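Colleague: One structure, pasted below without further comment.
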Ligand code: HEM
């Protein structure tokens, strides 16, 4: 079951990418890495979010804060945020369920379920978020 | 080798970690509910946001910017009209919602759940990568202090919202 690597014990960006994209072989590892990555990204966002929302004590500052996020680039970032939350949340539920019931034989199937639920949330939520910026302008 | 030597952990730290494991599951479940609600509420179209028509009317009537642009502390800044179909978070909508004590409780719960879950997760990650015991202990302690400060700031803002109106 050990993953063959040229240089064992030397993590690199390539190892990271190949691990994430070799989820067929090693679903558990890919799930763990993505869970950690999204968790850390969400912590970073949470800190920025709380500091940014201190503007809520002043209407003008709050208006400036909100307006910053109303641009095409930030709308894409918003969809990525939704994707991180969805993956981390669904995968967290999977971890908790598997820990509680000690069932690992259907781990891979549950991971595919996590990916499917995440994709569904990102597609539906993403379309709604991007609609005014990227989709409505294209419509006749 | 005693367990202490293996991981450099005190017994109290081990217990703390076991409690943390359980808390991570409980706060995670809570976050599914509260964070799900939060995202639906603030990022997808609904009555808690202003529609494009409402927002642009507010802009025209000068309700959004109650002070002159030149007075903006961030320097040059211009308001941006809402695109057709866009929903905008506005100060008045947020403050209106937060006038209800129930919403204050919900938002403070979300804040505390996210901060404790995130910091708990962060200390687990630090435990995996920082081998030097004293450095790890210091970093984790600094993290919890930062989390407490952020909780304080967040609660202060949520409690103050809407108190100057009505
Ligand atoms: C949406 C609901 C969420 C659920 C169900 C959830 C669930 C979980 C669970 C069960 C774990 C423990 C994983 C383990 O022990 O191996 C975990 C870890 C973690 N979570 Fe969450 N979480 C959620 C939201 C968040 C949010 C909003 C943040 C950011 C503030 C966050 C940050 C983290 C971090 C940093 C870790 C540690 C990652 C690691 O150990 O590799 N989570 N989460």
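Residue numbers (the working numbering), protein chains in the order written: chain A, 875 to 1014; chain B, 83 to 248. The C-beta atom is built at its ideal place from N, Cα and C for all residues, glycine as well. On a predicted model such as this, the values are computed, not experimentally measured, just so you know.
Is residue 175 of chain B a contact residue of the ligand HEM, with contact defined as CB to any heavy atom under 6 Å?
Modeller: No - the ligand HEM has no heavy atom lying nearer than 6 Å to the Cβ of residue 175 of chain B.
Colleague: Let me know the alpha helix (DSSP H) ranges lying completely inside the segment 932-964 of chain A, each 4 residues or longer, listed in chain order.
Modeller: Qualifying alpha helix (DSSP H) stretches, in chain order: 933-942.
Colleague: Going by the C-beta, is residue 106 of chain B closer than 6 Å to any heavy atom of the ligand HEM?
Modeller: Shortest gap from the CB of residue 106 of chain B to any heavy atom of the ligand HEM: under 6 Å.
Colleague: For residue 191 of chain B and residue 109 of chain B, which I take to be in contact (beta-carbon distance under 8 Å), what is that distance rounded to the nearest angstrom?
Modeller: At roughly 10 Å, the Cβ-Cβ gap does not stay under 8 Å, so residue 191 of chain B and residue 109 of chain B are not in contact.
Colleague: Can you list, in chain order, the stretches of the beta strand (DSSP E) that have 3 or more residues and sit fully within the segment 97-129 of chain B?
Modeller: none
Colleague: What's the C-alpha gap between residue 122 of chain B and residue 960 of chain A?
Modeller: 12 Å
Colleague: Please report the straight-line C-alpha distance between residue 981 of chain A and residue 889 of chain A, rounded to a whole angstrom.
Modeller: 23 Å
Colleague: For the putative contact between residue 129 of chain B and residue 1010 of chain A, defined by C-beta atoms under 8 Å, what is the C-beta separation to the nearest angstrom?
Modeller: So it is not a contact: roughly 21 Å between Cβ atoms.
Colleague: In three-state DSSP terms, what is residue 160 of chain B?
Modeller: coil
Colleague: So which of A:979, A:930 and A:904 has the shortest CA-CA distance to residue 235 of chain B?
Modeller: A:930
Colleague: Helix, strand or coil, according to DSSP, for residue 239 of chain B in the structure here?
Modeller: helix
Colleague: Between which two residues does the alpha helix (DSSP H) containing residue 1013 of chain A stretch?
Modeller: That residue, residue 1013 of chain A, is in no alpha helix (DSSP H); it is neither H nor E in DSSP.
Colleague: Going by the C-beta, is residue 206 of chain B closer than 6 Å to any heavy atom of the ligand HEM?
Modeller: Residue 206 of chain B: yes, Cβ under 6 Å from the ligand HEM.
Colleague: Output the distance between the C-alpha atoms of residue 927 of chain A and residue 94 of chain B, rounded to the nearest integer angstrom.
Modeller: 36 Å
Colleague: From A:914, A:942 and A:992, pick the residue whose C-alpha is nearest to that of residue 161 of chain B; which is it?
Modeller: A:942
Colleague: What does the alpha-carbon distance come out to for the pair residue 907 of chain A and residue 142 of chain B?
Modeller: 49 Å
Colleague: Could you spell out the range, first to last residue, of the alpha helix (DSSP H) harbouring residue 916 of chain A?
Modeller: Run containing residue 916 of chain A: 901-926, per the alpha helix (DSSP H) assignment.
Colleague: Using beta carbons (cut-off 7 Å, strictly below), is residue 242 of chain B in contact with chain A?
Modeller: yes
Colleague: What would DSSP say about residue 146 of chain B, mapped onto helix, strand or coil?
Modeller: coil
Colleague: With a threshold of 7 Å between beta-carbons, can residue 1014 of chain A be considered close to chain B, or not?
Modeller: no
Colleague: For residue 969 of chain A, verify whether its CB is less than 6 Å away from any heavy atom of the ligand HEM.
Modeller: yes
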